[in-house]
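One gets the working numbering by counting positions in the sequence shown from 1 and adding 1 to each.
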Amino acid sequence: MRCIKCRAPANVEVRRHRSAFCAGCYPDWFRTQVQRTIDDDRMFSRDDRVLVAISGGKDSLALWHALLRLGYQADGMYIRLGIGEYSERSQAKSEAFAAKHGLRLHQVDLAADHGFTIPQMRNQREGKPCAACGTVKRYHFNKVAVDLGYSVVATGHNLDDEAATLFGNVLHWQTDFLGRQGPVLESTHSNLARKVKPLYRLAERDSAAYAIIERIDYIVEECPMAVGAKSLAYKDTLNALEETQPGLKYQFLVGFLRQGRKAVKTEDPVQIRECAKCGQPTTAEVCAYCRMVERRLKKLPSLASPLGGEGLPSLASPLGGEGGEGQQQ
Numbered sequence: 002m003r004c005i006k007c008r009a010p011a012n013v014e015v016r017r018h019r020s021a022f023c024a025g026c027y028p029d030w031f032r033t034q035v036q037r038t039i040d041d042d043r044m045f046s047r048d049d050r051v052l053v054a055i056s057g058g059k060d061s062l063a064l065w066h067a068l069l070r071l072g073y074q075a076d077g078m079y080i081r082l083g084i085g086e087y088s089e090r091s092q093a094k095s096e097a098f099a100a101k102h103g104l105r106l107h108q109v110d111l112a113a114d115h116g117f118t119i120p121q122m123r124n125q126r127e128g129k130p131c132a133a134c135g136t137v138k139r140y141h142f143n144k145v146a147v148d149l150g151y152s153v154v155a156t157g158h159n160l161d162d163e164a165a166t167l168f169g170n171v172l173h174w175q176t177d178f179l180g181r182q183g184p185v186l187e188s189t190h191s192n193l194a195r196k197v198k199p200l201y202r203l204a205e206r207d208s209a210a211y212a213i214i215e216r217i218d219y220i221v222e223e224c225p226m227a228v229g230a231k232s233l234a235y236k237d238t239l240n241a242l243e244e245t246q247p248g249l250k251y252q253f254l255v256g257f258l259r260q261g262r263k264a265v266k267t268e269d270p271v272q273i274r275e276c277a278k279c280g281q282p283t284t285a286e287v288c289a290y291c292r293m294v295e296r297r298l299k300k301l302p303s304l305a306s307p308l309g310g311e312g313l314p315s316l317a318s319p320l321g322g323e324g325g326e327g328q329q330q
């Protein structure tokens, strides 16, 4: 197998494209795919300040690395979720990457700044904690982005993630979610940053190959609290199909975005208001984050109020200079 660029022995095969690359040519191909996705979906420009949601895993760190190599203004943000040793290792990987490249990494510590952890939330609810974790992440990534002047929040969701989400929504005919699923969520309020997914056309193994070749040290293990999650079963099913039909996941997702989404997408305008508790944008009187936290507080009276007096999460930027100011590089 030879690299399609230089004809040297190939190190990475991309079956859905019937392509292969050597270690020298692959990173450029990966970054070109990221740039094309940004351009095709009009995600952001080089004038935008981008806040990358960092988990310490291969996708978020590969995305941050690629954006910087492409010349974008990109800082990182990590949320300390309090999931034992997993969170400690994830934090260490994130901080080490930022330190190695001289980057700014904002941090929010749920326990220290807001008085609770994701495991505590899990213990007070039925089922998996993934929904609560997602609510927490969306809230804090958006709030910090808006408060510190970032116009865009970029996440490392890849092709496998998005195809699995689509698969689950189709299985359960979640038409509301199907209508909203996409690589770009535009800002519809002054306190909402645009949300984008620049890796949605790249597979999980694409990010892993990029991270390995670029010597990005990332946490390998999955979140221990996600064990048994339906999304993992959906990924396994799609991977089995992909094995015999290379490109199926890409065709499934991109085909839906180009043709299927318009059949379920509603044009009815959604009324955005400010949460009565925290002032953040919501479609209800009280936002999902505040409702969730209030329910937990009733069952865990020892938890401190996560909304605080000032409303702005405490930010630490030990690797980027002034920290709380969140200035661009």
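Beta carbons are placed, not taken as given, at the ideal position from N, Cα and C, and that holds for glycine. Bear in mind that the values here come from a model prediction, so they are computed numbers and not experimental data.
Remark: fewer than three beta-carbon pairs, one from each stretch, lie closer than 8 Å, so the segment 281-292 and the segment 226-237 are not flagged as touching.
Positions of the alpha helix (DSSP H) runs, each at least 4 residues long and wholly inside the segment 98-148, are given as 119-124, 131-148 in order along the chain. Listed in chain order, the beta strand (DSSP E) elements of length 3 or more contained wholly in the segment 169-243 are 195-197. Non-local beta-carbon contacts of valine 271 in its own chain, meaning distances under 8 Å to residues more than five positions away in sequence, involve Thr189, Thr284 in chain order.
Rounded to the nearest whole angstrom, the C-alpha separation of arginine 47 and aspartate 41 is 15 Å.
Linking serine 91 to lysine 59 through their CA atoms gives a straight-line distance of about 11 Å. In the DSSP assignment, arginine 297 falls outside any beta strand (DSSP E) and within the unbroken alpha helix (DSSP H) covering 289-300. In this structure, DSSP gives tyrosine 73 a state outside helix and strand, which the three-state scheme calls coil.
Nearest to leucine 254 by alpha-carbon distance, out of Thr118, Thr166, Pro282, is Thr166. Partner residues in the beta bridge of glutamate 14, as assigned by DSSP, are Ala21.
If you draw a straight line from the Cα of glycine 229 to the Cα of cysteine 131, it is about 11 Å long. The segment 92-112 makes contact with the segment 67-84, as at least three CB pairs between them are under 8 Å. Bounds of the beta strand (DSSP E) holding leucine 52 are 50-55. Closest option to tyrosine 219, judged by alpha-carbon separation, among Phe98, Tyr151, Phe257: Phe98.
When beta bridges are read from the DSSP output, threonine 245 appears opposite no residue. Distance from the CA of isoleucine 55 to the CA of tryptophan 174, rounded to the nearest whole angstrom, comes to 31 Å. Pairing serine 95 with glutamate 205, the inter-Cα distance amounts to about 19 Å. For alanine 155, the enclosing beta strand (DSSP E) stretches over residues 153-155. Per the C-alpha coordinates, the member of Gln260, Ala210, Gln252 positioned closest to glycine 180 is Gln260. In the structure shown, threonine 284 falls within a coil segment according to DSSP collapsed to helix, strand and coil.
For isoleucine 80, DSSP records a beta bridge to Val109.
Exclusion of the five residues before and after leucine 62 leaves Phe98, Ile217, Tyr219 as the residues of its chain whose Cβ lies within less than 6 Å of its Cβ. The shortest CA-to-CA distance from glutamate 215 to any of Arg8, Cys7, Arg19, Gly25 is the one to Gly25. About 4 Å separates the Cβ atoms of lysine 198 and histidine 158, confirming a contact at the 8 Å cut-off. With a 10 Å radius around the Cβ and a threshold of 16 neighbouring Cβ atoms, leucine 104 comes out buried.
Among the bridge pairs identified by DSSP, arginine 3 is matched with Pro10.
Checking the DSSP bridge columns, you'll see glutamate 275 partnered with Pro282. Taking C-alpha positions only, lysine 278 is separated from glutamate 163 by approximately 32 Å.
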